[in-house]
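I have placed the structure first, in the form of C-alpha cells, so that the comments after it can refer back to it.
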Amino acid sequence: MIVPVHHVTGLTTVVRERLLPISGSVVARIQQKVSAGDVVAETRWAREHALLDIAHALKISPVAADALIKCQVGDRIKAETEIARGKGIFPRTVTAPRDGRVVAVGGGQVLMEVGESKMQLRAGLPGTVVEVIPERGVVIQASGGLVQGVWGNGRIDTGLLVNLMDGPETVLAPGRLDVSMRGSIILGGIIKSPEILQALAELPARGLIASSMLPALLPKAREMKFPVLLTDGFGSVPMNSLAYKLLSTNIKRELSLNAENYDRYSGAHPEVFIPLPTSSEPPLADDFRELAPGVQVRMLRPPAMGMVGSVVSIKPGLTTLPSGMRAPSAEVKLENDETVIVPLVNMEVVG
Numbered sequence: 004m005i006v007p008v009h010h011v012t013g014l015t016t017v018v019r020e021r022l023l024p025i026s027g028s029v030v031a032r033i034q035q036k037v038s039a040g041d042v043v044a045e046t047r048w049a050r051e052h053a054l055l056d057i058a059h060a061l062k063i064s065p066v067a068a069d070a071l072i073k074c075q076v077g078d079r080i081k082a083e084t085e086i087a088r089g090k091g092i093f094p095r096t097v098t099a100p101r102d103g104r105v106v107a108v109g110g111g112q113v114l115m116e117v118g119e120s121k122m123q124l125r126a127g128l129p130g131t132v133v134e135v136i137p138e139r140g141v142v143i144q145a146s147g148g149l150v151q152g153v154w155g156n157g158r159i160d161t162g163l164l165v166n167l168m169d170g171p172e173t174v175l176a177p178g179r180l181d182v183s184m185r186g187s188i189i190l191g192g193i194i195k196s197p198e199i200l201q202a203l204a205e206l207p208a209r210g211l212i213a214s215s216m217l218p219a220l221l222p223k224a225r226e227m228k229f230p231v232l233l234t235d236g237f238g239s240v241p242m243n244s245l246a247y248k249l250l251s252t253n254i255k256r257e258l259s260l261n262a263e264n265y266d267r268y269s270g271a272h273p274e275v276f277i278p279l280p281t282s283s284e285p286p287l288a289d290d291f292r293e294l295a296p297g298v299q300v301r302m303l304r305p306p307a308m309g310m311v312g313s314v315v316s317i318k319p320g321l322t323t324l325p326s327g328m329r330a331p332s333a334e335v336k337l338e339n340d341e342t343v344i345v346p347l348v349n350m351e352v353v354g
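Mapping to our numbering: the sequence shown position 126 is 129, numbers consecutive.
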C-alpha cells in the first residue's frame with residue numbers, strides 16, 4: 004500500500020516552488036545561489052479602480068466622446084493629465100484623478116487602475132534556483148533538515164531558533180518570554196493562552212513553532228504578522244518525539260519557517276527547513292512510500308494521537324475494532340513499547 008509521507012528528517016534535499024499570486028517579473032536566474040531573504044520575483048497591481056465617464060462630463064454622446072479620448076489601453080498617466088477635451092470656445096476637459104494605468108476605453112468611458120502596490124517575492128529558504136517559471140517565480144533546491152507541520156497561518160520568515168520547551172508536553176507560559184528573544188523563532192510547545200500570541204507580537208518575534216493550540220486561538224493566530232506553525236494538531240497535543248528531537252538539537256541555528264496552508268491536492272505543507280552544510284547532495288525527500296513492516300508511523304487519532312511507532316505487520320483483510328467498525332489495520336509498536344492495532348487511516352508514515 005502506497006501512502007503519503009509526513010517529513011521529519013535530519014537531512015534531505017527539497018525542491019520548492021516560490022510563485023507570485025499574479026503575473027510579474029522574475030529577477031532570479033538559473034543556478035543562482037539565493038539566501039532566504041533574496042528577492043526572486045516581483046509584481047505590481049492596483050488597489051483601486053477609477054471609472055471616468057467622459058461622455059457625461061462633456062455632455063456628449065458616447066460615440067462622440069470616444070473620438071475625443073486621448074489615451075489608449077496600457078498607457079501609464081500622471082494625475083491631472085488631460086484625458087479628453089471637448090469642442091468650442093470654452094471647452095470642458097477631463098483629467099486623470101490620480102497616477103495610474105488605463106485598462107479599458109470605450110462607450111464614452113475610461114477605466115483606470117490607481118493606487119498601485121508592489122509585491123516582492125523572497126526565496127524563503129537558502130538554496131539554488133534550478134528552474135525559472137516565466138512571469139511567475141522560481142523553483143529552489145536546498146539541502147538540510149525538514150519538519151512538516153499540520154497547520155500554518157500563511158506567513159513566512161527566517162530567524163534563529165530559541166527553545167522554550169523542557170519536553171514534548173511543555174505548555175508555554177507568557178512569563179517565559181523576554182526581550183532577548185526579539186527577532187527569534189520560538190519553539191514553544193502547547194499554546195493555551197492568547198497572551199502568548201500578543202506577547203510574541205509585541206517583542207516582536209519572527210515566528211512560532213508550537214506542538215498544538217486551543218482551537219479558540221486559531222483566529223488570533225491567523226492575524227499574527229509572523230508565521231505560526233503547529234506540528235501536531237489542535238487542543239493539548241504534545242509534540243511528537245521525532246520533531247521535538249530534531250528541533251531541540253538545532254537551537255540557535257538559522258531556520259526558514261514557511262507556515263503556508265496545508266493543501267492535500269498540491270501536497271503543500273507548513274514546514275520548518277533547517278539549512279545545513281553538506282559535502283554531497285542528500286537524496287530527495289520521498290512524497291510517497293510503501294506502508295510495510297518496519298516503517299515508522301505517527302498516530303493521527305486518540306488514544307495514541309501524536310505518538311510515533313513502527314509497523315509490526317499489516318493485518319490481512321478487515322479487522323474488527325473496539326468500536327465495532329471493520330477497517331484495514333496494522334499492528335504497531337509504539338515508542339513506549341506498547342503494541343496496538345490501528346486503522347490505516349489513523350496513521351501516517353514519517354521520515
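We put the beta carbon where it would ideally sit given N, CA and C, even for glycine. Being a predicted model, the structure only gives us computed values, none of them experimental.
Below 6 Å CB to CB, which residues in the same chain sit around Pro273 once its five sequence neighbours on both sides are set aside?
Position 270 of the sequence shown, counted from the start, is the residue given in the question as residue 273. Result list for Pro273: Gly152, Gly155, Leu232, Ala262, Glu263, in chain order.
Could you give the residue range of the alpha helix (DSSP H) that holds Ser251?
The count along the sequence shown starts at 1 and reaches residue 251 at position 248. Per DSSP, Ser251 belongs to the alpha helix (DSSP H) from 244-251.
Which residue marks the beginning of the beta strand (DSSP E) containing Pro222, and which one marks its end?
As a working note, residue 222 is residue 219 in the sequence shown. Pro222 -> not in any beta strand (DSSP E); alpha helix (DSSP H) instead, spanning 221-226.
At a threshold of 7 Å, does Met122 count as lining the ligand GTP (C-beta to nearest heavy atom)?
As for the ligand GTP, it is missing from this structure, which has no ligand bound.
Does DSSP put Thr10 in a helix, in a strand, or in coil?
Counting from 1 along the sequence shown, the entry for residue 10 is found at position 7. In the sequence on display, residue 10 carries His and not Thr. The answer is coil: DSSP assigns His10 none of H, G, I, E or B.
Mind checking Asn339: buried by the 16 CB within 10 Å criterion, or exposed?
Within the sequence shown, residue 339 is the residue found at index 336, counting from 1. So Asn339 counts as exposed.
If Arg21 sits next to Ala126, beta carbons under 8 Å apart, how far is it from one beta carbon to the other, in whole angstroms?
Counting from 1 along the sequence shown, the entry for residue 21 is found at position 18. Counting from 1 along the sequence shown, the entry for residue 126 is found at position 123. Sure, about 6 Å apart at Cβ, within 8 Å.
At what residues does the alpha helix (DSSP H) containing Glu198 begin and finish?
Taking the sequence shown and counting its residues from 1, one reaches residue 198 at position 195. Its alpha helix (DSSP H) spans residues 197-205.
Throw me the rounded Cβ distance for the Ala60 and Arg95 pair, which I believe falls under 8 Å.
Position 57 of the sequence shown, counting from 1, holds the residue named residue 60. Position 92 of the sequence shown, counting from 1, holds the residue named residue 95. With 8 Å as the limit, Ala60 and Arg95 qualify as a contact, their Cβ atoms being about 6 Å apart.
Do the segment 294-311 and the segment 173-182 make contact, defined as three or more Cβ pairs closer than 8 Å?
No: the two stretches stay apart, fewer than three of their Cβ pairs being nearer than 8 Å.
Between which two residues does the beta strand (DSSP E) holding His272 run?
Counted from its first residue, the sequence shown places residue 272 at position 269. It is not in any beta strand (DSSP E) - His272 carries neither H nor E in the DSSP assignment.
Any idea what DSSP makes of Ala53, helix, strand or coil?
To locate residue 53, count along the sequence shown from 1; it is residue 50. In this structure, Ala53 counts as strand in the three-state DSSP scheme.
Rounded to the nearest angstrom, how far is the Cβ of Val160 from that of Phe93, given a contact under 8 Å?
Here residue 160 corresponds to residue number 157 of the sequence shown, with the count starting at 1. Here residue 93 corresponds to residue number 90 of the sequence shown, with the count starting at 1. One detail in the question is off: residue 160 reads as Asp in this sequence, not Val. Going by Cβ atoms, the distance from Asp160 to Phe93 rounds to 59 Å, so no, they are not a contact pair.
For Val11 and Pro222, what's the separation of their Cα atoms in angstroms?
Stepping through the sequence shown from its first residue, residue 11 is reached at position 8. Stepping through the sequence shown from its first residue, residue 222 is reached at position 219. The straight-line gap from Cα to Cα measures roughly 27 Å.
Could you give the first and the last residue of the continuous beta strand (DSSP E) run that contains Leu337?
On the sequence shown, position 334 is the one that residue 337 refers to. First-last of the beta strand (DSSP E) with Leu337: 332-337.
Give the straight-line distance between the Cα atoms of Pro7 and Ser269, rounded to the nearest whole angstrom.
Counting from one through the sequence shown, the residue named residue 7 turns up at place 4. Counting from one through the sequence shown, the residue named residue 269 turns up at place 266. Roughly 12 Å separates the two Cα atoms.
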